[in-house]
Each structure stands twice: as C-alpha cells, then as structure tokens.
Amino acid sequence: MQVSFNQIEWGLQRTLLNDKFWAELYAGVGNQDMNSKFDDFTTGFGVGFIAFSTPKNQISMNSDIGIYCAKNDAYSVTVPFVRAGVRYARFFGKTGKHGFLIRMGYQYGKRDYKQAYSSDNALVSTIGTFKVAPLYFSIGYGFRF
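Count the sequence shown with my numbering and you get residues 884 to 1028, in order.
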C-alpha cells in the first residue's frame, strides 16, 4: 500500500526471471480533479530493477504504465499515463517481511475532454485538458509473503 498527497494505491509485486527484476500490478483511488474527493480510479502495471540491495535496504529503478479515470460533476475522462522513478525500501523485523517504502519520480498523462452545457436558450460546448500531476512522492508499507 502506498499513500501520496492525492492518491492511495494497493498493489501486488512479484519477482521476474531472478531476484533483481520485479513486476507489479496496482489499483487505487485518487483526487487529482476539481471536486476534492477521492472518487477517481487508477490502475497500472510496472516493472523494476533493484540497483542496490542489502538484507535490509533496497533501491530500485521502476517504470509504470496505467490509466487514471477522473470523474466529477463537470466531466469524466480516462487518461493513460507513464511513470518513471526511484523506490527505496527498508525492511524490518526478524524475518524482514515488513517494509517501509518511499517512492518518487515523474509521470506524464494528458487528455483533452469536451464539456457541454445546455439551457432552454443555448448550448455551449468547451474543450478542457486534464493532466496527471507530473511529480509524485509516496510513502508506503510492504509485506513480503
């Protein structure tokens, strides 16, 4: 589980090929639109490479692709995004199954959307742009099965 200023994600991570490579599937809720509610949905897939590792510490490089679905009273838009960053993990406990995670990096996602307003006298249509917040920083908790 990872928590940031405008997003909460739950994920499952598994090793690939060897202990240095991993893949992750995640889903969560977010608040990156104008209504200030955690009613948006996000999901994605990521891969990572452990660049430095000790029994208690890991530093990983990671990249993700995903979708962010923003929904409010004015519009609803689905935005594909890409993300690249660094993750630090500190494991604790006798078996090292519990971990504290810090993740930061850059993400890019942008989509134009159309809004339509109507009344008895007029129909007005505007085009807006929704952008995913470019920088992200999250902290989290991990459990190794």
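A virtual CB, placed ideally from N, CA and C, is assigned to each residue, including glycine. Here the structure is a predicted model, which means the values were calculated and not measured.
A direct Cα-to-Cα measurement between Ser946 and Ser1021 gives close to 15 Å. When DSSP reads this structure, Met987 sits in a beta bridge with Val969 and Phe1020. Closest by C-alpha distance to Met944, out of Arg970, Ala957 and Pro938, is Arg970. Within the same chain, and ignoring the five residues on either side of Phe983 in sequence, the residues whose Cβ sits closer than 6 Å to its Cβ are Arg973.
Rounded to the nearest angstrom, the Cβ distance from Ala910 to Arg897 is 16 Å, too far for a contact under 8 Å. By alpha-carbon distance to Gln890, the top candidate from Leu900, Leu899 and Asp922 is Asp922. For the options Asp1003, His981, Ile1010 and Ser959, the alpha carbon positioned closest to that of Asn918 is the one of Ser959.
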